[in-house]
Amino acid sequence: MELRHLRVFVAVAKEGNFRRAAERLNIAQPALSRTIRDLEQLLGVQLFERTTRSVVLTAAGQVFLPEVNDLLEHLAAAIRVTRRVEEGDLGSLTVGFNDFAINDSLPKIIRDFRSLNPGIEIELRSMSSPDMADALRKRRLDIGFLSGEHLVAGLEYEVLRRERLICLLPRGHALADAAAIDLTALAEEPFVLGATGSWDTFIDVVDAFCMSAGFRPRVVQEAAHSDGIVNLVAAGMGISVYVDAAWLKIRQDIVLRRFHQHPPPFATVAAWHPDLKSKALQKFVALARKTLLANERNPDVFSY
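In full-length UniProt numbering, the protein residues as written are 1 to 304.
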């Protein structure tokens, strides 16, 4: 049985006449008649009572018609949905992120994308950068916002931001009045950093920076998230090295200072598997790119 059998059956049932049904479908009447006979043979039932002027549904045909209509409607809906998915209007995206991304451009990207694409569902997963890179290679994520360009070998990616490292100090700290901090002055200071395991990529960068000045950070407190690090610094538990992020500027209980030295830039990137080509992903990447270009045209103004 083919779809043409069902469509011809519905047309004949609606028109009540073979000639008019053939005209409606733009096929020859003998071909239409053969299609109905073939369908009846396939089903093993008679679907129409034929007269010289019209055809009417048999009892079997009356039962069959609504079922066929439902089937064709479901098929049409499935085709529409499939085409919308192909066009990127429907679907889903699984997005991985780390602490730096969620405190930077990602919230705006997500908000704007959902507004522009209400038919695409977004699932967010908080992950460490190494775990994210692994999940991307295994196609368990559609896109990931992670830190460290060295982690994305074999993936396609866009650099979201390259940020410099700065020093976070509690207000009233002995170094708070300095215009810039000499890294060597932090050798004996207690450090507050991100938690080992989930923050390893950033910790490695901070360690390397401090080692360039001849010391390893003396970590006295760890925090799972960025706001935890900042709150511990504000509480006087220690100092920290963090990225030069715009959201820090609204804090009145900490002091942000540049370093005299030139710390390595810290990159946050959006990465995805090169074989994933969905229109939804392409739209998401395009919006992320547009957001980043807008950020570059309107850079943060630093007042410290």
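We put the CB at the ideal spot given by N, CA and C, even for glycine.
- Residue environment analysis places residue 159 among the exposed positions, since fewer than 16 neighbouring C-beta atoms fall within 10 angstroms of its C-beta.
- According to the DSSP assignment, residue 239 belongs to no beta strand (DSSP E), since it is labelled neither H nor E.
- Between residue 170 and residue 236, the C-beta gap is smaller than 9 Å, which places the two residues in contact.
- In terms of Cβ geometry, residue 219 and residue 202 do not form a close pair [threshold 9 Å].
- Residue environment analysis places residue 268 among the buried positions, since at least 16 neighbouring C-beta atoms fall within 10 angstroms of its C-beta.
- Residue 105 carries a coil assignment under DSSP once its states are collapsed to helix, strand and coil.
- Sixteen is the threshold: since fewer than 16 other Cβ atoms of the shown chains lie within 10 Å of the Cβ of residue 77, the residue is exposed.
- Your pair residue 144 and residue 153 does not check out as a contact, with CB atoms roughly 14 Å apart and the cut at 8 Å.
- Taking all protein chains in view, the Cβ of residue 52 is surrounded by fewer than 16 other Cβ atoms within 10 Å, so the residue is classified as exposed.
- Per the C-alpha coordinates, the member of 173, 197, 256, 292 positioned closest to residue 132 is 197.
- Only buried fits residue 240, as 16 or more other CB atoms lie within 10 angstroms of its CB.
- Taking the Cβ atoms as the reference, residue 287 lies roughly 5 Å from residue 113, within the contact range of under 8 Å.
- If you look at residue 270, you'll find it isn't in any alpha helix (DSSP H); it sits in the beta strand (DSSP E) that goes 266-272.
- DSSP, reduced to helix, strand and coil, places residue 91 within a strand of the structure shown.
- Looking at the DSSP output, residue 49 sits in a beta bridge with 56.
- The C-alpha of residue 81 lies about 7 Å from the C-alpha of residue 90.
- Annotation: residue 121 to residue 98 spans about 20 Å, alpha carbon to alpha carbon.
- For the options 262, 243, 66, 138, the alpha carbon positioned closest to that of residue 101 is the one of 243.
- Residue 290 and residue 184 have their C-alpha atoms some 40 Å from each other.
- A distance of 9 Å or more separates the beta carbons of residue 104 and residue 140.
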